[in-house]
Amino acid sequence: MGIKFSRKEKRELEKTIQKFPLSITPYYASLIETKNYHNDPIFRQAFPSPLELKLSKCDMKDPLHEDKDSPTKGITHRYPDRVLFLISNKCAMYCRHCTRKRKVGDPDHIPSKEQILNCIAYIRKHREIRDVLLSGGDALMLPDDFLDWILTELGSIPHVEVVRIGSRTPVVLPYRITDELVYMLKKHHPIWLNTHFNHPRELTPSAKEALKKLADAGIPLGNQSVLLAGVNDCPQIMKKLNQKLVQNRVRPYYLFQCDLSEGLTHFRTSIGKGIEIMESLIGHTSGFAVPTYVIDAPGGGGKIPVMPNYILSWSTNKTVLRNYEGVITTYQEPTDYKTAPCNRKCNKCSSLNLKPEEYERAPIGVEKLLADTDDTISLVPKGNLRLGRRKTSRV
């Protein structure tokens with residue numbers, strides 16, 4: 026590519042890839058603008074930087090506690106009705122901003138067939154699981170026949186309603202999306218696929234062709250971007266990216282605040298930059314071209330939406346709101362609204378008409394405080410000192 030490094034740069038890069046391996050597809054490398062490669066968004070995502078070795082106090086190997094929320098190796102069960110199923114540790118390219126840098130490319134984390142069978146057994150046993158997300162690594166880096174076998178096994182489980190696949194191959198290796206792969210996936214509907222475009226320049230003719238094949242096969246497509254300093258931390262870049270995605274039948278799903286994983290400090294922006302970007306999208310482009318901006322909470326708290334404030338104030342009868350232009354308006358609350366009669370027995374509700382296996386679990390968190398089916402009036406953190414004093418003061 027005509028890019029040369031000094032001896033000092035080479036030594037620093039070699040130290041970096043000893044900890045965080047390097048792998049770039051020739052296709053993705055060809056997108057780098059070599060004349061200004063240091064500032065190129067493709068180069069920054071694909072090529073190591075010595076800044077990855079500058080760890081901050083808040084950096085963690087597993088900030089999302091995926092390993093701690095793993096009841097069996099290869100499964101993360103964080104949310105009530107869905108699981109993350111890690112079926113591969115291979116990626117076409119090692120993204121420098123990957124939240125799973127601790128695992129990708131590590132031979133000790135290659136899932137065996139026995140491990141995958143154990144995961145499928147866990148899903149089969151837990152009837153509350155209706156949604157399975159296949160990821161890794163990259164789920165589409167598996168051979169077609171092996172992925173076909175996994176999808177067939179999941180399809181035989183009655184309570185699994187949908188399978189999602191997470192893959193960046195449409196971005197970094199679009200030629201992986203072959204006619205044979207698409208034909209195989211079509212057999213296992215409903216299949217959803219989320220990919221990971223971060224910059225409009227990644228939407229090349231080859232990438233668009235890959236997306237077209239998937240969309241034409243009836244596979245709903247979503248995109249999960251990560252907000253990255255020096256890559257896409259610009260309102261105009263993000264607007265153009267999302268508009269190009271919907272033009273290619275890909276629904277912007279999430280915009281992630283960069284995680285607190287080791288080696289990502291130089292990629293992190295302020296949350297304020299993310300809010301600024303959302304202000305430039307909401308109302309300024311089509312609603313389905315606006316992703317949800319989220320922080321994946323450290324400690325395994327899950328995805329927390331972070332959005333601009335549009336409710337300015339409210340009273341008993343009115344809510345005061347503002348729009349994207351700064352126009353302030355009011356919404357008149359109904360004076361005669363009454364909730365539908367409810368006996369708080371959702372499992373016997375004639376409107377829902379649920380089968381026993383379809384009845385959801387008891388509410389948790391703030392949902393519990395709002396639910397008519399629960400009498401809880403407050404949530405108190407563990408170790409609350411006030412309650413501790415109550416216990417010790419009793420005779």
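Each residue of the sequence shown is one higher than the last, beginning at 26 in this note's numbering. Every residue, glycine too, gets a C-beta built ideally from N, C-alpha and C.
Check whether residue i and residue j have beta carbons under 9 Å apart
i	j	result
THR310	LYS264	yes
ASP400	CYS367	no
HIS122	VAL251	yes
GLY255	ASN61	no
LEU176	VAL108	no
HIS151	HIS221	no
LEU172	TYR119	no
LEU167	ILE145	no
LEU289	ASN223	no
ILE302	LEU280	yes
ILE182	ASP106	no
ILE296	TYR349	no
LYS126	PHE68	no
ASP94	GLY325	yes
GLY247	ASN273	no
Simplified DSSP assignment, three categories, for residue i
i	result
ASN61	helix
ASP156	strand
SER338	strand
GLY413	helix
VAL275	strand
ARG293	coil
GLU304	helix
ASN267	helix
PHE171	helix
VAL420	Because VAL420 carries a pLDDT of 46, less than 50, the predicted location of this residue cannot be relied on, and the following value inherits that uncertainty. If DSSP states are grouped into helix, strand and coil, VAL420 belongs with coil.
ALA322	strand
TYR53	helix
PRO245	coil
LEU404	coil
Residue i burial status per 10 Å Cβ neighbour count (16 or more: buried)
i	result
VAL420	In this prediction, VAL420 scores a pLDDT of 46, lower than 50, which makes its location untrustworthy; the coordinate-derived value is nonetheless stated afterwards. VAL420 comes out exposed.
ASN334	exposed
GLN282	buried
VAL405	exposed
GLY161	buried
GLU287	buried
THR360	exposed
GLY299	buried
LEU239	buried
ALA422	Outside the shown range of the chain, which is 26 to 420, sits residue 422, and nothing can be said about it.
GLU205	exposed
TYR318	buried
THR59	exposed
ASN342	exposed
SER137	exposed
Member of the options whose CA lies at the smallest distance from the CA of residue i
i	options	result
PRO51	ALA117, LYS79 and GLU37	ALA117
ILE141	GLY99, TYR119 and ARG149	GLY99
LEU165	ARG274, SER376 and LEU111	LEU111
PRO225	LEU246, GLN249, ASN257 and ASP204	ASN257
CYS83	ASP284, ILE307, LYS373 and ILE302	ASP284
TYR278	ILE353, ILE67, LYS29 and PHE313	PHE313
ASP169	TYR208, GLU139 and PRO195	TYR208
LYS33	SER74, GLY27, TYR53 and MET26	SER74
TYR147	LYS115, PRO195 and THR97	THR97
Residue i Cβ short of 8 Å to the ligand NAD heavy atom set
i	result
SER137	Of the ligands one can find in the structure shown there are none, so the ligand NAD has no counterpart to examine.
Inset, instruction - Examine the Cβ distances between the region 212 to 225 and the region 188 to 202 and report whether three or more of them are shorter than 8 Å. - result: yes
Legend entry - Sufficient close CB pairs (3 or more, under 8 Å) joining the region 193 to 204 to the region 235 to 253: yes
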